[in-house]
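Chains as they are written, first to last, in the UniProt record's numbering: chain C, 1 to 344; chain D, 1 to 344. All C-beta atoms, glycine included, are put in the ideal place defined by N, C-alpha and C.
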DNA sequence: GTGAAAGCGCTAACAA
DNA sequence: TTGTTAGCGCTTTCAC
C-alpha cells in the first residue's frame, strides 16, 4: 500500500495549465452548468492531455456522493453467485460505477462485518445476494446497519427473501419448486426423495414450500416424502444420495434443491452403478452453466441469475420508494436427459 | 446514490463523547502509539457503543493510504476467473482490504478504462488477471498507466504472462501444455488435434509451445498436427470439434486448450455419436470444478486458480522490489475417464 | 460566466 | 501522553 505521498496530478494543475480557476476546472470536468462551452472544452482537453484522473476520495468527501456500490455474496467461486456478480458488474460498468465484492460464507457475523466495511467505504448502494435466514433474528444486526445506511441516503437491494427492509429481487423459489415437482409427478413419479440444504435458509424453505404444494395438489402427503438435509454443495449431494439409496431404495426420482447438490447426486448414483434416468430420475435447481453439459444433461429450474444481478443494481439506482419494491425474477423448467418416466 | 449530506457520525462526535481531542480519538482507533491504553480503550468503547465507522475517503485523503485493491478480470462469470477472484477475496478479507472487481471482456481498451478507474479510486494495488497479448503494443497504454501508478507508490501484480512490467504469478501454461500432450502421447496417440483459442493471447501461445515441445520430442512434426482456432468458449469447442471430425476423421485424441472448450468438444462428440474415450480421447486445461463431474470425467491440467489469486494479492502486498518478481504456480495432469489408449 | 473561499472527515506534524 | 492545527483534493455556495 502506498505510504509516501503520491505525486499525482491534481485538479489544481489542470486548472493552472488551462488558465482557469479551480472552480471552473471542477465545473468543466463534472459537466456542471455555469461554464461556457469553449472554456469547458479547453479544460477537458488539457485534462486529457495531462492524463488527469480525479481523486475519487476527495470527490466523494467534498461532494458527499459516491460512484461505487458494494456486492455481498456467499462465495464468488460458486457459479450461482459468479453469475449474479457478472450481471451486477455489467450494469456497473455501463453506469460508470465501481463494484466492491465481498464474501460472507453464509455467516451472519461475517456478513455484518462486510456490510460495515462497505458503509465505511461510503458506497452509494449495497446489494446483498444469497439466501436470507428463516430466523429473522440472525440478520437483525445487519438489518439495523442497513436501515441506518438507508436513512443516511444509501440505497440497498437484496436478492432473495430477506428480512432486511429493502428493495428486493425475488427468485421464483417457491413457484420453481412447485414446477419442478410437477414435472416429476407429470412423468409418473410417486416415490420422490428430496436432497435439501439447511432449512434455516429462506431459499431452501421457499423451494420446499413449492415442492409440498405440488405434492399436496397431487394427493401425496408431503410428510411421506423423504427429505435428506445435507450441505448445499456437491459433497452434500453425494451424501444425501447415498442416504436416500440406503434408506429409501424404492425411490424413483431425486430432486436436489440446487444444481450443485444435483451434480453430487449424479456422481453418487454413477458410483453405485445406478443409471440415470433409467433407474432413477434426477432434477436440480438454478441451471448453472454446466447443467447442460453433464451427462446425462440435467433437468433443472432455470433462474436468470445474471439478470437478477442486473435488476438488483438497477433497483438500487432508482430513487428510493416509501415502501420496499419487489421484482419477481421468473423461472423456467428445463427438461433435459436426467429425468424420464419411472420404470415401475 | 446519496445526494443529500449524510448525517453520519464523525470522529469528532466520538471524541466529544469520550472527552478527548480529535487527535487522541484518531490514534486510539487506528492503533497508533502515543495514547495510554486506558484512554484508548475508553474511546474504542464509545465508538463501539455509537456504532461509529470511519470514513474511508477522509482517511485515505488525509493519510494518503488506501485499504483497497482492484482486480481486473476478463469476466467474473467464467469459473476460471471466479476461482481466482475467490482467492483474492479470501486474502483481502483476512487483511481487511476491500476488493473492487471489474470486467475487461478481453478488450484492451476496456481494460485501460477500468485500470484508470481503479487509479482514480486510489486503490493501493491492482491485480490484472487473465491472459496477456502476444503483441505487446496492445497493452502499451495500460502498461504506461500501471507504471505511472507504481511510481506513485501503487502496487501491481499480474496473473499470466503480460508485458506490463510488474510482479507476476505465472500459471504453468507451457509445462502444462507439454505434460498433457505427453500424457496423450504416452497413451499411444499419434493423431492428435488441438482445439485452440486465439493465438494472440499469451496463454494460448504458451500452451501451444508446450504442446509443440512434446510433439517434437516424440519425433512428430508440429506442423502436421491440426490446430483449429475458435472462440475460447464452449461454443468454440463445439465448432472446433466439428471441424476436426470433418476434416481430420483419423484423429484419435482432441486436446482442448481450456476446459470450457473441452466441454464443448465433448458435447459435439456426443451429438455426433462419437464415444469418449473409446473412439476419441479428449483432454482439457485448467481443471475447473465441474471437470470431475462431467461424464466422462475430464482429463485435464490442474492449475491452482484460487491459490494463484491469493499469491497475486500477497505479492502485491509485499514491499516492491527493484525488479519484477515471478512466482510459478505449478500444475498437475489429472487423468480421468476422457482419455484412454487409441483403438487403432 | 468566473473566481475566492469555506468546508467534507480524517491523519500527522508540531506544540504543550 | 495529549491537544492544536494544517492540510489531503475536491465540490459548492457566494461574490463579482
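Asked                                                                                                                                                                                                 : Found
In this structure, does DSSP put residue 122 of chain D in helix, strand or coil?                                                                                                                     : coil
Using a Cβ-Cβ cut-off of 6 Å (strictly less than) and excluding sequence neighbours within five positions of residue 3 of chain D, which residues of its own chain qualify?                           : Caution is warranted here: a pLDDT of 37 is assigned to residue 3 of chain D, below 50, making its placement in the model unreliable, and no coordinate value can be reported.
Taking just the CA atoms, how far does residue 206 of chain D sit from residue 335 of chain D?                                                                                                        : 21 Å
Let me know the alpha helix (DSSP H) ranges lying completely inside the stretch 197-274 of chain D, each 4 residues or longer, listed in chain order.                                                 : 202-217, 234-247 and 259-271
Which one of C/313, C/19, C/299 and C/318 has the shortest CA to CA distance from residue 337 of chain C?                                                                                             : C/299
Can you tell me where the alpha helix (DSSP H) holding residue 38 of chain D begins and where it ends?                                                                                                : 37-50
Contact criterion: CB-CB distance below 7 Å. Does residue 150 of chain C meet it with respect to chain D?                                                                                             : no
Please work out which residues of its chain come closer than 8 Å, Cβ to Cβ, to residue 5 of chain C, disregarding the five sequence neighbours upstream and downstream, and give them in chain order. : Per-residue confidence for residue 5 of chain C stands at a pLDDT of 39, beneath the threshold of 50, marking its modelled position as unreliable; no derived number is given.
Can you list the residues of chain C that residue 8 of chain D reaches, using a CB-CB cut of under 7 Å?                                                                                               : 152
Nearest to residue 180 of chain C by alpha carbon, out of C/247, C/155 and C/254?                                                                                                                     : C/254
Please classify residue 266 of chain D: is it buried, with 16 or more other beta-carbons within 10 angstroms of its beta-carbon, or exposed?                                                          : buried
Could one say the Cβ of residue 53 of chain C lies closer than 7 Å to chain D's Cβ atoms, at least one of them?                                                                                       : yes
Kindly indicate the opening and closing residues of the beta strand (DSSP E) around residue 160 of chain D.                                                                                           : Note, residue 160 of chain D: premise wrong, no beta strand (DSSP E); not H, not E.
Use the C-beta contact count for residue 83 of chain D: other C-beta atoms within 10 angstroms, 16 or more gives buried, fewer gives exposed.                                                         : buried
Using beta carbons (cut-off 7 Å, strictly below), is residue 173 of chain C in contact with chain D?                                                                                                  : no
Any chance the CB of residue 293 of chain C is under 6 Å from a heavy atom of the ligand ATP?                                                                                                         : With respect to small molecules bound, the structure shown includes none, and the ligand ATP cannot be examined in it.
From this set, C/251, C/52 and C/286, which residue's C-alpha is nearest residue 174 of chain C's C-alpha?                                                                                            : C/286
In the DSSP assignment, what residue or residues form a beta bridge with residue 98 of chain D?                                                                                                       : D/68
With a CB to CB cut of under 6 Å and the five nearest residues on each side skipped, what residues in its chain are close to residue 79 of chain C?                                                   : 288
Taking its Cβ as the centre, do 16 or more other Cβ atoms sit within 10 Å of residue 1 of chain D, making it buried, or is it exposed?                                                                : Summary for residue 1 of chain D: the model assigns pLDDT 44, below 50, so the residue's position carries little reliability, and this model does not support an answer.
Under the three-state reduction of DSSP, which class applies to residue 84 of chain C: helix, strand or coil?                                                                                         : helix
Starting from residue 270 of chain D, find everything on chain C with Cβ-Cβ shorter than 8 Å and list it in chain order.                                                                              : 295
What is the rounded straight-line gap between the Cα of residue 157 of chain C and the Cα of residue 127 of chain C?                                                                                  : 5 Å
For chain C, is any of its Cβ atoms less than 7 Å away from the one on residue 338 of chain D?                                                                                                        : no
If you follow the alpha helix (DSSP H) that residue 13 of chain D is part of, which residue opens it and which one closes it?                                                                         : 11-18
Under the assumption that residue 105 of chain C contacts residue 57 of chain C (Cβ atoms under 8 Å), give the Cβ distance between them as a whole number of angstroms.                               : Between residue 57 of chain C and residue 105 of chain C the Cβ distance is about 29 Å, and since that is not below 8 Å, they are no contact.
Assuming residue 316 of chain C and residue 283 of chain C form a contact by the criterion Cβ under 8 Å, report the distance between their Cβ atoms to the nearest whole angstrom.                    : 33 Å between Cβ atoms; not a contact.
Listing by chain order, which chain C residues have their CB less than 7 Å from the CB of residue 75 of chain D?                                                                                      : 86
Would you mind listing the alpha helix (DSSP H) stretches within the stretch 292-343 of chain D that are 4+ residues and don't spill past its ends, in chain order?                                   : 305-317
Compare the C-alpha of residue 273 of chain D against each of D/162, D/111 and D/241 and name the closest.                                                                                            : D/241
Answer yes or no: does any C-beta atom of chain D fall closer than 7 Å to that of residue 180 of chain C?                                                                                             : no
Can you confirm whether residue 83 of chain D, when its beta carbon is compared against all beta carbons of chain C, has any partner nearer than 7 Å?                                                 : yes
Taking the CB atoms as reference points, tell me whether residue 132 of chain D and residue 161 of chain D lie closer together than 7 Å.                                                              : yes
Please confirm whether residue 61 of chain D and residue 61 of chain C have their CB atoms less than 7 Å apart.                                                                                       : yes
List the residues of chain C whose Cβ lies closer than 9 Å to the Cβ of residue 79 of chain D, in chain order.                                                                                        : 77, 79, 82, 289 and 290
Who are the neighbours of residue 89 of chain C on chain D, taking C-beta pairs under 8 Å?                                                                                                            : 76, 101, 102 and 103
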